[in-house]
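Take a look at the structure below.
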Amino acid sequence: MSDALLTSGSEESFASGAVRDLSSDKMRPDLFSPFAEERIGKWLMLGAKRYRERNWEKGMPFSRCWASLCRHKTKWQQGLRDEDHLAAIVFNAMAILHYEEMIRRGVLPAELDDMPKYSVEPENAA
């Protein structure tokens, strides 16, 4: 961990006299729905009880997450409410997103991305 205090180079002053780094280009996790966070948190709790905490972070083939996401989408679309299918959809999308980032950082193996490739990506694509 660094002792550096990162700055955007711009500051905002408040009526109280306080000054803070400008936040216009920073991520905004404070805008997440608290209801979505609660339901996804419950889904993660159920998974932790069944498979152990953070089991999903070890990595799974993208195709397994995608297949699960698609099954839950179909069940939700059919009107089934026997499970929190929307939380399961978000969880599976989150898992793939997490795995992509961990692969990019060199933490997880690229082989987890076993999805079909339908286009050629330019180098350094976002």
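Numbering (our numbering), first residue to last: 748 to 873. Cβ coordinates follow ideal geometry from the N, Cα and C atoms, glycine included. Note that the structure is predicted; figures quoted are calculated from it, not measured.
| Item | Value |
| --- | --- |
| Per-residue burial, A835 [other beta carbons within 10 Å of its own, 16 or more giving buried] | buried |
| Beta-bridge pairing of E759 - partner residues as DSSP gives them | R767 |
| Validate contact between the segment 860 to 867 and the segment 819 to 837 using beta carbons, cut 8 angstroms, 3 pairs | no |
| Reference A842, options D861, R767, W813, R828, closest by Cα | W813 |
| Three-state secondary structure (DSSP) of A751 | coil |
| Top-ranked residue by Cα proximity to G853, from G806, R828, A840 | G806 |
| Span separating the alpha-carbon of L862 from that of P781 | Before going further, note that residue 862 is Met rather than Leu in the sequence given. Spanning the two alpha carbons is a distance of roughly 32 angstroms. |
| Buried/exposed call for L816, threshold 16 Cβ in 10 Å | buried |
| Top-ranked residue by Cα proximity to T754, from V766, M748, F761 | V766 |
| Same chain, Cβ closer than 8 angstroms to E758, neighbours up to 5 away in sequence not counted | V766, R767, D768, L769 |
| P781 - containing alpha helix (DSSP H), residue span | 781 to 798 |
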